[in-house]
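Enquirer:
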Amino acid sequence: MRFPLRVVLWLYVAFNLLQAVVLTFDPELTDRAYLGGEMTPTRHFQWYSVAGYHVLIIAVTIIAMTLARAVDRRKLVIVNALMYLLWDATSQLAYWGHEIGMATSDLLTNAGVSIVTALILFAVAYFDRDPVTSAPR
Numbered sequence: 341m342r343f344p345l346r347v348v349l350w351l352y353v354a355f356n357l358l359q360a361v362v363l364t365f366d367p368e369l370t371d372r373a374y375l376g377g378e379m380t381p382t383r384h385f386q387w388y389s390v391a392g393y394h395v396l397i398i399a400v401t402i403i404a405m406t407l408a409r410a411v412d413r414r415k416l417v418i419v420n421a422l423m424y425l426l427w428d429a430t431s432q433l434a435y436w437g438h439e440i441g442m443a444t445s446d447l448l449t450n451a452g453v454s455i456v457t458a459l460i461l462f463a464v465a466y467f468d469r470d471p472v473t474s475a476p477r
């Protein structure tokens, strides 16, 4: 994997690590946008569970970077991008944002970050190619 793509994925790891830390130690910071009311132990645990998803994403991304073949790395990066685009952003825009009464600006910001993240990951997958080597004679 070329160095610039590796840098982008390490930044993505840092982005997910920041989310995991915030959701673990200060979930109220994120929870405010979701208009969910009082931060009960159950709500705190739900955010902690979401933090666990980000930890998994970190592990999958690091594993992807260690794979020798670009085709294998691309599979994991594309699945990751699809999670941000189809699961996170689309479900919020199509249903959950309205259902929970999320402020439009918060909804667009959150979904927008997920869409941009997905597009960056798609770009990494697109540009990640194995070097062309000539066949032995």
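The sequence shown begins at 341 in this note's numbering and counts up one residue at a time.
Ideal Cβ positions, reconstructed from N, Cα and C, are used throughout, including at glycine.
Bear in mind the structure is a predicted one, so any value in this text is a computation, not a measurement.
Take the Cβ of D468 as the centre, count every other Cβ of all protein chains shown within 10 Å, and call the residue buried at 16 or more, exposed below.
Expert: What you label residue 468 is simply residue 128 of the sequence shown in a count that begins at 1. Label assigned to D468: buried.
Enquirer: By alpha-carbon positions, which one of V411, V390, K415 and I440 ends up nearest to D470?
Expert: As a working mapping, residue 470 is identified with position 130 in the sequence shown. Ranking the options by Cα distance to D470, first place goes to V411.
Enquirer: Grab the span of the alpha helix (DSSP H) containing A451 for me, first residue to last.
Expert: Here residue 451 refers to the residue found at position 111 of the sequence shown. Residues T444 to F467.
Enquirer: Straight-line CA distance for I403 to G376?
Expert: What you label residue 403 is simply residue 63 of the sequence shown in a count that begins at 1. What you label residue 376 is simply residue 36 of the sequence shown in a count that begins at 1. When rounded, the distance between both Cα atoms is 35 Å.
Enquirer: Specify the secondary structure class of T473 as computed by DSSP and reduced to three states.
Expert: As a working mapping, residue 473 is identified with position 133 in the sequence shown. Of the three classes helix, strand and coil, the one that applies to T473 here is coil, per DSSP.
Enquirer: Here's the rule I'm using: 16 or more other beta-carbon atoms within 10 Å means buried, otherwise exposed. How should Y466 be labelled?
Expert: In the sequence shown, residue 466 corresponds to position 126, counting from 1. With fewer than 16 Cβ atoms within 10 Å of its Cβ, Y466 is classed as exposed.
Enquirer: Check whether the Cβ atoms of V464 and L349 sit closer than 8 Å, and answer yes or no.
Expert: Here residue 464 corresponds to residue number 124 of the sequence shown, with the count starting at 1. Here residue 349 corresponds to residue number 9 of the sequence shown, with the count starting at 1. Yes, these two residues count as a Cβ contact at 8 Å.
Enquirer: Between the Cα of Q386 and those of A360, V400, M405 and M423, spot the shortest distance and give me the residue it belongs to.
Expert: The residue you call residue 386 lines up with position 46 of the sequence shown. Per the Cα distances, A360.
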